[in-house]
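Taken in sequence, the protein lines are chains Z and B.
All you need for my numbering is the position in the first sequence, starting with 1, plus 14.
All you need for my numbering is the position in the second sequence, starting with 1, plus 4.
Ideal Cβ placement from N, Cα and C applies to all residues, glycine included.
Worksheet: one structure, shown below.
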Amino acid sequence: MKLIIIAGPPSAGKTAVTRQIIRTFYGTKKITFLKIDVVRAFEDEELREEFGIPARKIYSGDLCPDHTGIMVLQDAISWAESERADIFIVESAGLCLRCSPYVTQSLGVVVLSAVSGMNSPLKMGPMIALADVAVVTKTDLVSQSEKEVFREKTREVAPQIDIVETNAVQGTGLRYLMRSIEALADIMDKKTITLRGIPPLGVCTICVGKRETGWQNHFGIIRKLDGADDLYRGD
Amino acid sequence: MNSCTITEITILPGHDKSGNPEQFEPIVLRPGDTISIVGPTGSGKTAFINDIEVFAQNDTSTGRTVLVNGKTPPEEIIRDPSKKPIALITQNTKCLADMTVEAFLAMHVKARRIATPDLVFETIALANQFTGEQIQAGCRISALSGGQTRALMVADAILISNAPLILLDEVENAGIFREKVIEVLKEHYKSVIFVTHDPLVSLMSDRRIVMRHGGVEKILQPEGRELHIREMVARMDATLCRFRERIRAGELLTEQGFPV
């Protein structure tokens, strides 16, 4: 079974890309789908209704959706195997741009929207840097110039990434994504699947429920406006 | 691959929405060719130019194949927009950046690594030939009208992208000087395909592709037979343009009968 992990900010077109993948392989491959979201999601119902494929969702609630994804992935793979899937697609919630839910033995796909602004690739470092393929959607809506600059910025974050430009609703240009899926190896040993990168530091005082503002009210990992680099480890 | 090495683009038939094979001879596009695509809404006009834009290899819903210089094009020119020999401008294409016209064009020039110092101003000057409302270098992109934006994108495609083939999807709605655009495209030795409902643009094209039910129904080559009507439509268009300008200027149009 092939594993595909799809990430990307909200409204970038993750589900439109998923639909195109299902359309392409429908009939030749058995596909299953899992959506991970925070409070509400409808993708599983829509895809089940449209294609009749096994699809489900999980809500992360108060937990970070990517943490949820990591927690449930082994169970989810077992479920997809029990459905005799050839391709298992996991779509993340795509909220925190620091997230990077890609794992080994899978194809990591980040879906980016060309209308999100030319600097947006620079703002979502790890989500792009650790993916195999960047699918840039809505390229039909932006000028040639912005398309070219968007591509350059994506390359700046991930020089080796495979960039696929598309109007995902119509499916133009997606042949290169489908080719990567064709070439993707099956999961070798699910027990050895690991995250590709280190997730953001998980626990800070805000995470555990302190609601005061200002670094003076927190401890552990804190951050001041001035005089700090990426992180300041306080008392 | 240098874009000027492209001498022809060939479109091979696919099938219509019912799967019936299309019956046309391969369509060959050479520099300077002007083609318009006509047909009712939903007949497959946009799908036709999308096939060209992605260099379909019998892998789109229409089953068509597009060749460059008679061969399957190299992947690089399909995938890298800065090497792609095609610029597609649709009625949805927008400049989203909140920058000045000058900074926007300079950004594109820089992305292309072009070292022509005056290219930005040449592009603005060309765009101004296409639109009645002058574009200033210091004007913000977001403040341009639809017509100005379209004029700027066409000028950008001609001079900065230097694309040998330009696809224009129903841009006539945007109020640009269509005759001037066609004339300049020919001058710069560009091929252009218009998806259009506009009589003047259709009549000014060398060839007219008629779409029906997702397939190419026929290809018309008027070869001068429409000259009389074309001239008449051009005069009517010029008259309408003058009326438009006068209405914009706040005049009352009180002539009796149809002025020439």
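Given residue i, which residues of its chain have a CB within under 8 Å of its CB, disregarding the five upstream and five downstream residues?
| i | result |
| --- | --- |
| A51 (chain B) | T64, S65, T66 and G218 |
| T151 (chain Z) | A26, G27, A30, V31, V125, L126, S127, A128, T180, N181 and A182 |
| G142 (chain B) | T104, V105 and E106 |
| I53 (chain B) | I41, L92, L171, D173, I197 and V199 |
| I164 (chain B) | L109, H112, V113, R116, I118, L123 and T127 |
In three-state terms, what does DSSP make of residue i?
| i | result |
| --- | --- |
| F28 (chain B) | coil |
| Q138 (chain B) | coil |
| M202 (chain Z) | coil |
| F56 (chain Z) | coil |
| A148 (chain Z) | strand |
| E12 (chain B) | coil |
| M236 (chain B) | helix |
| Y190 (chain Z) | helix |
| A21 (chain Z) | strand |
| K88 (chain B) | coil |
| R144 (chain B) | strand |
| K28 (chain Z) | helix |
| L256 (chain B) | coil |
| T120 (chain B) | coil |
| Y246 (chain Z) | Note on Y246 (chain Z): pLDDT 45, under 50, position unreliable in the model; the coordinate value appears next. Y246 (chain Z) falls in the strand class under three-state DSSP. |
| T153 (chain Z) | helix |
| T126 (chain B) | A small correction: the amino acid at residue 126 (chain B) is Glu; Thr does not occupy that position in the sequence shown. Of the three classes helix, strand and coil, the one that applies to E126 (chain B) here is helix, per DSSP. |
| F39 (chain Z) | helix |
| T64 (chain Z) | Note on residue identity: the sequence assigns Glu, not Thr, to residue 64 (chain Z). In this structure, E64 (chain Z) counts as helix in the three-state DSSP scheme. |
| P70 (chain Z) | According to the sequence as given, residue 70 (chain Z) is Arg; it is not Pro. Here R70 (chain Z) sits in strand by DSSP. |
| T243 (chain B) | helix |
| L239 (chain Z) | coil |
Could you tell me the boundaries of the alpha helix (DSSP H) in which residue i lies?
| i | result |
| --- | --- |
| I186 (chain B) | R182 to E191 |
| V86 (chain Z) | P79 to S96 |
| V113 (chain B) | V105 to A115 |
| L207 (chain B) | P203 to M208 |
Can you tell me the Cα-Cα spacing of residue i and residue j, whole angstroms?
| i | j | result |
| --- | --- | --- |
| G108 (chain Z) | S114 (chain Z) | 9 Å |
| A119 (chain B) | A148 (chain Z) | 30 Å |
| K49 (chain B) | I39 (chain B) | 12 Å |
| A94 (chain Z) | K71 (chain Z) | 13 Å |
| A199 (chain Z) | R193 (chain Z) | 12 Å |
| S195 (chain B) | R34 (chain B) | 6 Å |
| D89 (chain Z) | A172 (chain Z) | 31 Å |
| M240 (chain B) | R234 (chain B) | 10 Å |
| T118 (chain Z) | K44 (chain Z) | 22 Å |
| E97 (chain Z) | Q174 (chain Z) | 34 Å |
| I82 (chain B) | V178 (chain Z) | 10 Å |
| F39 (chain Z) | F65 (chain Z) | 11 Å |
| L244 (chain B) | D160 (chain B) | 28 Å |
| M85 (chain Z) | I101 (chain Z) | 20 Å |
| A169 (chain B) | I142 (chain Z) | Per the sequence shown, the amino acid found at residue 169 (chain B) is Leu instead of Ala. Roughly 32 Å between the two C-alpha positions. |
| K75 (chain B) | S86 (chain B) | 21 Å |
| P17 (chain B) | I31 (chain B) | 9 Å |
| E79 (chain B) | T11 (chain B) | 18 Å |
| L100 (chain B) | S92 (chain Z) | 45 Å |
| Q260 (chain B) | R246 (chain B) | 16 Å |
| G157 (chain Z) | N133 (chain Z) | Note that residue 157 (chain Z) is Ser in the sequence shown here, rather than Gly. Distance between the alpha carbons of S157 (chain Z) and N133 (chain Z) is about 15 Å. |
| V205 (chain B) | F28 (chain B) | 23 Å |
| D58 (chain Z) | K49 (chain Z) | 7 Å |
| G131 (chain Z) | F164 (chain Z) | 8 Å |
So the beta strand (DSSP E) residue i belongs to, where does it begin and stop?
| i | result |
| --- | --- |
| K161 (chain Z) | Segment Q158 to V171 is the alpha helix (DSSP H) holding K161 (chain Z); no beta strand (DSSP E) there. |
| A155 (chain B) | Taken as a continuous stretch (DSSP letters only), A155 (chain B) belongs to no beta strand (DSSP E), being part of the alpha helix (DSSP H) at G150 to L163. |
| V183 (chain Z) | First-last for V183 (chain Z): undefined, no H or E at that position. |
| M215 (chain B) | R211 to R216 |
| D173 (chain B) | L169 to D173 |
| S40 (chain B) | T38 to V42 |
Might you give, ordered along the chain, the residues of its own chain that have their beta carbon closer than 6 Å to the beta carbon of residue i, omitting 5 neighbours on each side?
| i | result |
| --- | --- |
| D102 (chain B) | S146 |
| T153 (chain Z) | A128, K161 and E179 |
| M138 (chain Z) | L111 |
| R247 (chain Z) | Below a pLDDT of 50, predicted positions are generally treated as unreliable, and R247 (chain Z), at 46, falls in that range; no measurement from the model is reported. |
Could you list which residues in chain C have their beta carbon closer than 9 Å to that of residue i, in chain order?
| i | result |
| --- | --- |
| L155 (chain Z) | Of the protein chains in this structure, namely Z and B, none is chain C. |
Beta-carbon within less than 7 Å of residue i's beta-carbon, same chain only, minus the 5 sequence neighbours each way: which residues are those?
| i | result |
| --- | --- |
| T186 (chain Z) | T180 |
| V214 (chain B) | V42, G43, E221, K222 and L224 |
| E26 (chain B) | P17, G18, H19, D20, G219 and V220 |
Check whether the Cβ of residue i sits closer than 7 Å to any heavy atom of the ligand ZN, and report yes or no.
| i | result |
| --- | --- |
| L239 (chain Z) | The ligand ZN is absent from the structure shown, which contains no ligand whatsoever. |
If you scan the segment 45-78 of chain B from start to end, which runs of the beta strand (DSSP E) of 3 or more residues do you find wholly inside it? 69-72
Residue ranges of each beta strand (DSSP E) within the segment 107-139 of chain Z, 3 or longer: 121-127
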